[in-house]
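A short worksheet on the structure shown next.
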Amino acid sequence: MALFGSFDSSASALTANRLRMDVISSNISNANTTRGEYVNGRWQPYKRKVAIIEPKKEASSFQNFLQMAANKTGRTVTNGVRVTRIMEDRTPPKMMYDPTHPDADARGYVALPNVDMLKEMVDLMSTTRAYESNVTAINAAKAMAMKALEIGK
Amino acid sequence: MLSTPTMSIFEKALDAATLRQRAISNNIANVDTPHYRTQSVVFEDELQKAMAKSSTAFTAYRTNEKHLPFGMASLQDVGPKLQVDKAVGPMQNSANNVDLDFEMTNLARNQLWYNALVQQASGQYNKLRTVIGGK
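First to last, the sequence lines map onto chains A and B. Be aware that the first sequence starts at 1, since it is given in UniProt numbering, and climbs by one per residue. Be aware that the second sequence starts at 1, since it is given in UniProt numbering, and climbs by one per residue.
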């Protein structure tokens with residue numbers, strides 16, 4: 001029954017969005033972290049992380065083949081979404097002049113993380129909304145499945 | 001007697017609604033995925049065409065599956081078709097064309113449509129039960 005496939009894809013989106021939210025909160029909480037990693041005797045600031053997402057394709061799954069054959073759709077439904085990896089934002093760190101800071105360089109500049117709080121908040125909003133939309137989709141599928149049980153009752 | 005043409009149409013329509021629910025779920029799931037194109041299901045128009053013409057139009061009789069269909073598509077051959085929208089719709093920066101408002105509306109509409117279908121199919125069986133019960 002294809003409705004269960006719909007649960008799977010919405011569930012994968014919930015997982016992906018939750019992970020994106022984790023990444024965003026990591027970015028926000030580390031917005032001022034100057035000691036992200038220790039490289040060659042120097043502290044590097046935290047680098048903003050980005051979750052890379054792509055559609056999840058399960059073209060070779062039995063369920064998809066069965067559905068293609070049964071409905072003659074000739075095409076498989078992609079099966080949700082997944083986070084393939086978490087990458088670092090390559091924009092250079094923000095430099096701030098503060099000679100008193102323990103991590104300041106010889107000229108008195110401190111490298112701060114390349115985290116833009118505004119950007120993170122906007123991402124957080126859109127992630128929350130996406131999460132909620134997927135919950136709605138799951139509820140709709142659930143209501144449909146329950147309704148289908150009423151046939152012939 | 002249980003597999004009347006009406007029931008088989010209900011069955012096909014329910015299949016289509018289920019597939020559509022899956023396609024919509026996927027579109028919503030991929031709302032932020034770069035380069036994702038929306039998927040949609042075409043069915044009702046094809047069904048309507050087949051139903052309107054089926055009584056009057058000429059259809060070729062197929063005795064083998066390899067025969068090419070010509071004339072009007074018969075009711076048996078109508079099924080839900082999944083398509084990927086190539087059209088330039090509302091486009092985000094990431095070349096993704098999911099319109100969340102449209103998808104959510106479609107989700108609600110499809111759910112109501114599904115419920116209506118189930119109710120009608122159920123009604124058919126209830127009528128049969130009444131006949132059998134003879135009350």
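No residue lacks a Cβ here, since even glycine has one placed at the ideal position from N, Cα and C.
- From the beta-carbon of S10 (chain A), the residues of chain B found nearer than 9 Å are S25, N26, I28, A29.
- Among the residues facing chain A, N115 (chain B) is included, as its CB has a counterpart in that chain under 7 Å away.
- At a cut-off of 7 Å between beta-carbon atoms, V42 (chain B) makes no contact with chain A.
- Assignment of R82 (chain A) by DSSP, reduced to helix, strand and coil, places it in the strand class.
- For A141 (chain A), no beta strand (DSSP E) segment is defined; the enclosing uninterrupted segment is the alpha helix (DSSP H) at 117-148.
- Contact annotation, E120 (chain A) with N27 (chain A): C-beta distance approximately 5 Å; criterion of less than 8 Å satisfied.
- Here the region 5-13 of chain A lies against the region 17-35 of chain B, with 3 or more beta-carbon pairs under 8 Å apart.
- Burial is judged here by how many other beta carbons sit within 10 angstroms of a residue's own beta carbon; E103 (chain B) has at least 16 and is buried.
- Per DSSP, the unbroken alpha helix (DSSP H) holding I24 (chain B) starts and ends at 5-29.
- Interface with chain A (7 Å Cβ-Cβ cutoff): A95 (chain B) is excluded.
- Here A31 (chain A) carries a coil assignment [DSSP, helix/strand/coil].
- Fewer than three Cβ pairs drawn from the region 4-17 of chain B and the region 92-111 of chain A lie within less than 8 Å of each other, which leaves the two stretches out of contact.
- Between L19 (chain A) and A51 (chain A), the C-beta gap is smaller than 7 Å, which places the two residues in contact.
- Apart from the 5 residues on each side of it in sequence, A130 (chain A) sits with its Cβ closer than 8 Å to the Cβ of A13, N17 in its chain, given in chain order.
- Boundaries of the beta strand (DSSP E) harbouring I52 (chain A): 49-55, taken from the DSSP string.
- In the three-state reduction of the DSSP assignment, S94 (chain B) falls in the coil class, being assigned neither a helical nor a strand state.
- Secondary structure at R37 (chain B): coil, using DSSP grouped into helix, strand and coil.
- Per DSSP, the continuous alpha helix (DSSP H) segment holding R129 (chain B) begins and ends at 100-133.
- Residues of chain B whose Cβ lies closer than 7 Å to the Cβ of V135 (chain A) do not exist, since the nearest Cβ in that chain is about 10 Å away.
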